[in-house]
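With the UniProt record's numbering, letter number 329 in the sequence shown gets 329, and the count goes up by one each step, no holes.
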Amino acid sequence: MATGWVGAQTPAAGPGATPPSCAQATDQANRADVQALSLQSQKASLRELATALDEAIRGWQLATEFCEGHARDRAVRNLADSRRLRDKVSEQLSSGALCESAHQDAAAVQKLAQQAVGDRRWADASLLFRKAGRLWDVASERCSGSLQQQALAARTEAETDGHNAEFCAPVFDQAREFAQQARNSAAALAPAQRQQQTLVAETLWRDAVRTCKGDAQRVAQSYADAQARARGTPWVETRPTVMAAASPASAAVATPPAAAAPTPVAAPRPAPVASAPTPAAPAPAPAPTPTPTPTPTPTPTPTPTPTPTPTPTPAPAPAPAPAPAPAPAPAPVARPDVPVTTITATDGTIMHGAFTRDSTEPGVSTYSGTGKVSWPNGDVYEGVLMRGQRHGQGRMVWKNGQLYEGTWANNEPNGQGRLSFANGDVYEGPVSQGQPKGVGVYTARSGLRIQATWEGGQASGRGQVDSPEGHRYEGELQNGQPNGPGVMRMANGDRFEGLFARGVLNGEGMLRFANGDVYQGGFVEGRFHGRGTLTWATGNRYVGDWRAGLRQGHGIMTWATGERWEGEFDNDQQVKAP
C-alpha cells in the first residue's frame, strides 16, 4: 500500500464489478478514518499513521464520486480534514524520527514541570522547565518548518516559566499573601495604618514586577497600579514591619486598603464618616472613603472584571477645642427673626448664617442655626447645626474634593444622601453612620455600576453589577462579590448561570457561548471541572470528566457524523480506549 496520498487515484471497478453505493463508500471511509484517529491517539509511529490516512483519503475520494447532495458535501469536508492531517504527518516524516522523538521528550518534561507548579514545588519546577527548554532547543535543531517554529516558541516559553518558578513565584506569593492579610485586617485599622498597608502592598507588587517575566509580570503590574489608584497619593517605598493589632476603638474608618489578589468582581464600598468633638464651631469629619474594586483572576471562561476604584486620602480633622458638645436637642434650630451674622471661633473656624449661641452660661460655646461653616483646613459645611453638631439637611465638602449631600444626625451622615468622591465615584441611597446601608446605587467613574442592598458598607443580598466592558451580573452578592445563584451575561453574548463563589462560577452551572456551544456541569474557579457535558453547535458532544477546563479522565466523544469514541483523555487529548 502506498504511503503518500498525492496523486492517488480511485481504483477502477473491474469488468462486471458492481460500483459501491454511497452508504458503502461512506462506511468504508469512516472505518479507515476511525483507524487513523485511533493510531494518532495511541501515539503510533508516523509511518503507520500515514498508511492509515492514505486509506481514509482513498475512501473519502470514493465517497465524493458515488454520493450526492449533503452526503457528498460531508465526504468533501472529511476528505479535506484527512488531507490536512496527512500534510502534517508528511512534514513530520520529512523531519525524521529524531525530530519526532525530540518533540516527545521535551513535551514530557514540560508536563512534569507544570505538575510541579501545580504542587507549588518551585525549585523542582524551575529545574524541570530549564531541562525542558534545553530539550526544545534540541528539537529546534533537529526539525524544520512549522515543527521547528513550534520548538522555538516552546523553548522561549519554558525559559520564561523556569525563571518565574525560581525567582518570581516566591516574591509574587509574598505580595499576594500580604495583600490578603491587609484586606482581612483593614477593619481594625486607623486610616493612617491602612494607608501604610497600601504602600507596603504596592512595594511588594513592584518587587514582583522587577522580578517576574511575561504574564506574571503584567499581572503584578496591574495589582501595583490598583494599589496606587486606590490610595490616591504618591508611592513611597515601604517595607513590611511587624504590625501591632489595633483595637476596634482606634479604627476611625473601616475600609480595606487595597484589593487582595486574586479576588474577582468585588464591589467597592464607601466607608463611614467619623465625627470629631465639637469646639466653639463643629469640627469637620474625615472624608468618606470608597473601597477599591479588585481585578479578577483570568480564567479560560470569560468573567467581567470591574475597574479598580481609587481610594482617596481622608481629610484630617482639626484639633478639638476644650469645650465638649452636649447631646443634640429635638427643638427647632433656627427662627426667621434670627439675623445673619459672621462668627469667628478661636481656632479660626468661620460661621456665617442665622446662628445663635445655645447658652450664655460659662463653658457653653456651641451654636445652633442654619448657614455655612468653614474650617481652617479648607473643609466647608452648609446646612443645619444643632448644638454644634450637623443634624438635619446639609452639604459637606472636604478640601480633597469629596462631598456628601443629604441627611445628617449626631454629626454623621444618616439617612438618604449622595456621596461624591474626589475620584469621580458616586453613591446614592441610604446612609447609616457614614456607610451605605439599604438599597442604593454605586457608580464608579470607570463605568462600573452596582445596584444592591448595602450592609456595613458592602453590597450583599440580591443585586446587579454592570461592568464598563458591558458585562452584567444579576444574583446574590456577599461582601461585594457574586456569591450564590446568579446569572452573568457577557458583552460578547456568552451567558453563565449557576452557583457563584468568590466572584466566579463554583459548583454546578451552565455556560452558553454566543456561537451556540453549551457546557453544563461542574465548575471550579470559573473553569470546567468535575463531571460535565459540552455540546458544540456543530452537533459534536463530549460527556465525561474535566479538570481545569480540559478533558481529563474518562469520557465519551460523539461526532455529528455518528462516530463515537469512549476512553481516557489526558490534557484534552484522547489517549486510550477501553
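Using N, Cα and C, we set each Cβ at its ideal position, and we do this for glycine too.
Since we're looking at a predicted model, the values are computed, not measured.
Helix, strand or coil: how does DSSP classify GLY526 here? The sequence position of residue 526 within the sequence shown is 526, counting from 1. It is coil, neither helix nor strand.
Alpha-carbon spacing of GLU566 relative to ALA201, whole angstroms: The count along the sequence shown starts at 1 and reaches residue 566 at position 566. The count along the sequence shown starts at 1 and reaches residue 201 at position 201. Cα to Cα, GLU566 sits roughly 50 Å from ALA201.
Helix, strand or coil for ALA50, going by three-state DSSP, please let me know. Taking the sequence shown and counting its residues from 1, the one referred to as residue 50 is at position 50. Correct three-state label for ALA50: helix.
For ILE556, count neighbouring Cβ atoms within 10 angstroms of its own Cβ and tell me buried if that reaches 16, exposed if not. Within the sequence shown, numbered from 1, the residue matching residue 556 stands at position 556. That one is exposed.
Within the same chain, show all residues whose beta-carbon is closer than 8 Å to that of LYS213, passing over the 5 residues directly before and after it, in chain order. In the sequence shown, residue 213 corresponds to position 213, counting from 1. Hits under 8 Å: THR160, HIS163, ASN164, CYS168.
Selection from ARG502, VAL138, ALA491, VAL487 that minimises the alpha carbon distance to GLN478: Translated into positions along the sequence shown, residue 478 becomes position 478. For the residues ARG502, VAL138, ALA491, VAL487, the minimum Cα distance to GLN478 belongs to ARG502.
Which value, in whole angstroms, describes the spacing of the CA atoms of THR255 and ALA187? Here residue 255 refers to the residue found at position 255 when the sequence shown is read from its first residue. Here residue 187 refers to the residue found at position 187 when the sequence shown is read from its first residue. Low confidence applies to THR255: its pLDDT is 31, below 50, so where it sits in the model is not reliable, and the reading given next is rough at best. Going by the C-alpha atoms only, they are around 6 Å apart.
Which residues mark the beginning and the end of the alpha helix (DSSP H) in which residue 583 is found? Any answer about residue 583 is impossible in this case: the structure gives the chain only from 1 up to 578.
Check GLY378 in the structure and name its three-state DSSP category. Your numbering for residue 378 matches position 378 in the sequence shown. Of the three classes helix, strand and coil, the one that applies to GLY378 here is coil, per DSSP.
Below 6 Å CB to CB, which residues in the same chain sit around GLY348 once its five sequence neighbours on both sides are set aside? The residue labelled residue 348 in the question sits at position 348 within the sequence shown. Correct list, in chain order: PRO376.
In chain order, each alpha helix (DSSP H) run of at least 4 residues that lies wholly inside the region 192–233: 214–231
How long is the line joining the alpha carbons of ARG155 and GLU508, rounded to whole angstroms? Within the sequence shown, residue 155 is the residue found at index 155, counting from 1. Within the sequence shown, residue 508 is the residue found at index 508, counting from 1. If you take the alpha carbons of ARG155 and GLU508, they lie about 38 Å apart.
Checking 8 Å against the spacing of the C-beta atoms, do THR407 and GLY401 come in under that value? Along the sequence shown, one-based indexing puts residue 407 at 407. Along the sequence shown, one-based indexing puts residue 401 at 401. Not in contact: THR407 and GLY401 (Cβ atoms no closer than 8 Å).
Under the three-state DSSP convention, the category VAL109 falls into: Mapped onto the sequence shown, residue 109 falls at position 109. Correct three-state label for VAL109: helix.
Between ALA220 and TRP205, is the Cβ-Cβ spacing less than 8 Å? For the purposes of this step, residue 220 is taken as the residue at position 220 of the sequence shown. For the purposes of this step, residue 205 is taken as the residue at position 205 of the sequence shown. Cβ atoms of ALA220 and TRP205: closer than 8 Å.
In whole angstroms, what is the alpha-carbon distance linking VAL236 and LEU199? Here residue 236 corresponds to residue number 236 of the sequence shown, with the count starting at 1. Here residue 199 corresponds to residue number 199 of the sequence shown, with the count starting at 1. Approximately 7 Å between the Cα atoms of the pair.
Span of the beta strand (DSSP E) around HIS554: For this step, residue 554 is matched to residue 554 along the sequence shown. Its beta strand (DSSP E) spans residues 550–558.
Expected contact under 8 Å - CB spacing of VAL380 and GLY394 to nearest Å: Here residue 380 refers to the residue found at position 380 when the sequence shown is read from its first residue. Here residue 394 refers to the residue found at position 394 when the sequence shown is read from its first residue. Going by Cβ atoms, the distance from VAL380 to GLY394 rounds to 11 Å, so no, they are not a contact pair.
So, does the region 87–100 touch the region 67–75, judging by three or more C-beta pairs under 8 Å? no
Hey, how far is the Cα of ARG462 from the Cα of GLY486? As a position in the sequence shown, residue 462 is number 462, starting the count at 1. As a position in the sequence shown, residue 486 is number 486, starting the count at 1. Distance between the alpha carbons of ARG462 and GLY486 is about 9 Å.
Is TRP60 helix, strand or coil by DSSP? The count along the sequence shown starts at 1 and reaches residue 60 at position 60. The answer is helix: DSSP assigns TRP60 an H, G or I state.
Could you spell out the range, first to last residue, of the alpha helix (DSSP H) harbouring ASN30? Here residue 30 is taken as the residue at index 30 of the sequence shown, counted from 1. Per DSSP, ASN30 belongs to the alpha helix (DSSP H) from 22–41.
What residue range is occupied by the uninterrupted alpha helix (DSSP H) comprising ASN184? Position 184 of the sequence shown, counting from 1, holds the residue named residue 184. First-last of the alpha helix (DSSP H) with ASN184: 169–185.
Going by CA-CA distance only, name the one from VAL518, LEU79, SER41 that's closest to GLN25. For the purposes of this step, residue 25 is taken as residue 25 along the sequence shown, with counting starting at 1. The sequence given here has Ala at residue 25, not Gln. The shortest C-alpha separation from ALA25 is found at LEU79.
Where GLY562 and ASN540 are concerned, what is the direct C-alpha to C-alpha distance, given to the nearest angstrom? For the purposes of this step, residue 562 is identified with residue 562 of the sequence shown, where counting begins at 1. For the purposes of this step, residue 540 is identified with residue 540 of the sequence shown, where counting begins at 1. When rounded, the distance between both Cα atoms is 9 Å.
Quick test of your reading: GLY440 and TYR427, contact by CB under 8 Å. State the CB separation rounded to the nearest angstrom. Taking the sequence shown and counting its residues from 1, one reaches residue 440 at position 440. Taking the sequence shown and counting its residues from 1, one reaches residue 427 at position 427. 6 Å between Cβ atoms; contact.
Mind checking who ASP466 pairs with in its DSSP beta bridge? As a working mapping, residue 466 is identified with position 466 in the sequence shown. Answer is ARG449, ARG472, bridged to ASP466.
Which of helix, strand or coil DSSP assigns to PHE66: Counted from its first residue, the sequence shown places residue 66 at position 66. The answer is helix: DSSP assigns PHE66 an H, G or I state.
Secondary structure at ARG512, three-state DSSP: helix, strand or coil? Walking along the sequence shown from the start, residue 512 turns up at place 512. Strand at ARG512.
Can you name, in chain order, every residue of its own chain whose Cβ lies under 6 Å from the Cβ of ALA577, other than the five neighbours on each side? Stepping through the sequence shown from its first residue, residue 577 is reached at position 577. Answer for ALA577: GLY567, listed in chain order.
Could you tell me which of PRO430, ARG547, SER45 sits nearest to GLU100, measuring between CA atoms? The count along the sequence shown starts at 1 and reaches residue 100 at position 100. Minimum Cα distance to GLU100 is reached at SER45.
Straight-line CA distance for LEU499 to ALA113? By 1-based counting over the sequence shown, the position of residue 499 is 499. By 1-based counting over the sequence shown, the position of residue 113 is 113. The alpha-carbon atoms of LEU499 and ALA113 are separated by roughly 33 Å.
Return helix, strand or coil for THR160, following the three-state DSSP convention. Residue mapping note: residue 160 aligns to position 160 of the sequence shown, counting from 1. Looking at THR160 - three-state DSSP - the assignment turns out to be helix.
Proximal residues to LEU62 (C-beta, below 8 Å), its chain only, five neighbours per side dropped: In the sequence shown, counting from the first residue as 1, residue 62 sits at position 62. Excluding sequence neighbours, LEU62 sits near THR10, PRO20, ALA25, GLN28, ALA29.
So, at 7 Å on beta carbons, what are the nonlocal neighbours of LYS437 in its own chain, with the 5 sequence-adjacent residues on each side left out? For the purposes of this step, residue 437 is taken as the residue at position 437 of the sequence shown. Excluding positions up to five away in sequence, the list reads PRO430, VAL431, TRP454, GLU455.
Using only the alpha-carbon positions, how far apart do SER374 and GLY353 sit? One-based indexing of the sequence shown puts residue 374 at position 374. One-based indexing of the sequence shown puts residue 353 at position 353. Each residue's Cα considered, the two are about 11 Å apart.
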